[in-house]
Amino acid sequence: MTAFVGLDIGYSNVKMTLSKEQQDGKLSDAEDVIFPVGVATLSAFNNQRQGITGSRIETTEVLVDGVYYAAGIEPGVVIGSSRDISENYPQTMQYKALFHAALLHVDDTHIARLVTGLPVSHWQDETFRQRLIDLMKGEHQIAEKRTVIVDEVEVIPQPGGAFLDAIEAAAQSGDDEKDDLLKTGIVLIVDPGYYSTDWVVFEEGALNYELSGTTLMATSRIIERTAELITKEYGAAPGKGLKPEKVEKVIRSGGNILRYASQKIDITPYLNKASQEISQSALSEISGSMRNIALDATIIAGGGGNFFEACIKETFPRCEHIATHEPVKAIARGYHGWASRA
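Each step along the sequence shown adds one to the number in this note's numbering, with nothing skipped, and position 150 is 220.
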């Protein structure tokens with residue numbers, strides 16, 4: 071079979087939506103895949119794959135340039151599995167290992183079209199885009215006896231995936247009014263990711279390059295600020311403050327209680343305060359670029375969307391705010407819709 075893939079490799083999770091061409095020529099139902107971004111050499115992983123509690127750590131074993139890696143681990147769980155959050159992330163071994171892990175999840179040997187994205191600032195750099203295309207296109211050996219061929223790769227600005235997803239959702243629901251709003255109006259898409267918050271503006275369905283950008287006021291900064299606020303109130307010896315990774319783990323699990331300094335702490339008030347501070351800083355940058363624009367709608371996507379939602383509505387009170395279904399998957403779904411187009 072032939073697969074069509076939308077792939078969003080983030081700084082916190084890898085999100086993928088895929089479908090396959092069946093014998094009757096029709097596409098299978100779309101399938102979603104999501105896994106964390108931690109990567110370690112397989113040898114390091116095998117030395118720690120079972121903790122003292124006996125719980126086993128799930129992973130995907132992939133071959134990258136002749137070396138086996140464990141990919142898809144919670145960052146920091148295994149020594150050496152901490153994530154790279156540099157601007158050169160798409161050129162790192164970690165990124166390539168995650169890409170190979172995604173190919174393994176496709177469970178096919180041929181991908182007709184793969185659509186992915188980059189933060190707006192990187193996408194605007196043609197050389198950066200071409201490097202990513204060169205990385206993903208062609209033949210990839212992902213295991214000793216498995217190769218995957220990717221025929222075509224397209225790279226779009228990350229928030230554009232959420233725009234495409236919103237259009238598809240309006241069409242699927244038969245909401246002609248929303249479909250018309252998205253295709254003929256001025257729409258701001260905000261994508262609060264882990265490392266950066268990206269935004270793009272579409273006018274009558276066309277990307278406005280001048281009204282698109284990136285800020286580092288993002289989810290990672292909210293997590294760091296939450297840890298800072300808790301450490302300040304509960305105190306810490308030098309170098310013994312609450313680690314942001316502990317806050318992230320609680321958020322990722324959907325809980326709100328963590329243990330620090332021998333006490334159980336509800337992170338909710340600290341997280342709310344941090345979200346307000348960081349989202350206001352980010353929206354200050356975004357609204358500054360919208361001074362002479364009358365927006366018709368906003369769309370929030372990405373794993374950090376819930377941290378920014380209130381501030382976006384407050385900053386742009388006179389336009390329609392369009393919610394996405396499962397925002398963390400919205401961008402990959404949009405990429406897939408574009409990949410599987412006729």
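Built from N, CA and C at the ideal position, the CB exists for glycine as well.
Could you give the first and the last residue of the continuous beta strand (DSSP E) run that contains tyrosine 138?
Unbroken beta strand (DSSP E) run through tyrosine 138: 137-143.
Could you check the C-alpha separation between threonine 338 and glycine 324 for me, to the nearest Å?
One Cα belongs to threonine 338, the other to glycine 324, and the distance between them is close to 11 Å.
Check this for me: beta carbons of leucine 77 and tyrosine 330, under 9 Å apart or not?
No.
With 16 as the cutoff for other CB atoms within 10 Å, does tyrosine 279 come out buried or exposed?
Exposed, by the Cβ-count rule.
Report the partner residues of glutamate 294 according to the DSSP bridge assignment.
DSSP lists no partner for glutamate 294.
I'd like the list of long-range same chain contacts for glutamate 144, defined as Cβ closer than 7 Å, with 5 residues on each side in sequence excluded.
Residues Pro106 and Gly108 of the same chain have their beta carbon placed closer than 7 Å to that of glutamate 144, with the five preceding and five following residues left out of the count.
Under 8 Å Cβ to Cβ from proline 72, same chain only, skipping five residues before and after it: list those, please.
The sequence shown places threonine at residue 72, not proline. Only Lys90, Glu91, Asp178, His180, Ile181 and Ala182 meet the Cβ criterion.
Any chance you could list the beta strand (DSSP E) runs of at least 3 consecutive residues sitting entirely within the segment 363-405, in chain order?
Runs of the beta strand (DSSP E) inside the segment 363-405: 367-370 and 390-392.
Beta-carbon proximity check, leucine 341 vs cysteine 381, cutoff 9 Å
Taking 9 Å as the Cβ cut-off, leucine 341 and cysteine 381 do not qualify as a contacting pair.
For a minimum of 4 consecutive residues, which ranges assigned as the alpha helix (DSSP H) are wholly contained in the segment 191-245?
Taking only runs of at least 4 residues, the alpha helix (DSSP H) segments lying wholly in the segment 191-245 are 196-206 and 228-243.
Element boundaries [alpha helix (DSSP H), containing glutamate 315]:
Counting along the chain, the alpha helix (DSSP H) containing glutamate 315 begins and ends at 314-323.
Taking 8 Å as the limit between beta carbons, can you name the residues of its chain near leucine 97, skipping five residues before and five after?
Only Phe74, Ser89, Lys90, Glu91 and Ser410 meet the Cβ criterion.
Inter-residue spacing [alpha-carbon to alpha-carbon] between glutamine 346 and glutamate 131
If I take the Cα positions, the gap works out to 40 Å.
Starting from glutamine 161, trace the alpha helix (DSSP H) in both directions and tell me its first and last residue.
Glutamine 161 -> no alpha helix (DSSP H), and no H or E assigned at all.
Could you check if glutamate 379 is buried or exposed, using at least 16 other CB atoms within 10 Å of its CB as the buried criterion?
Burial call: buried.
Under three-state DSSP, which class holds glutamine 350?
DSSP places glutamine 350 in helix when its eight states are reduced to three.
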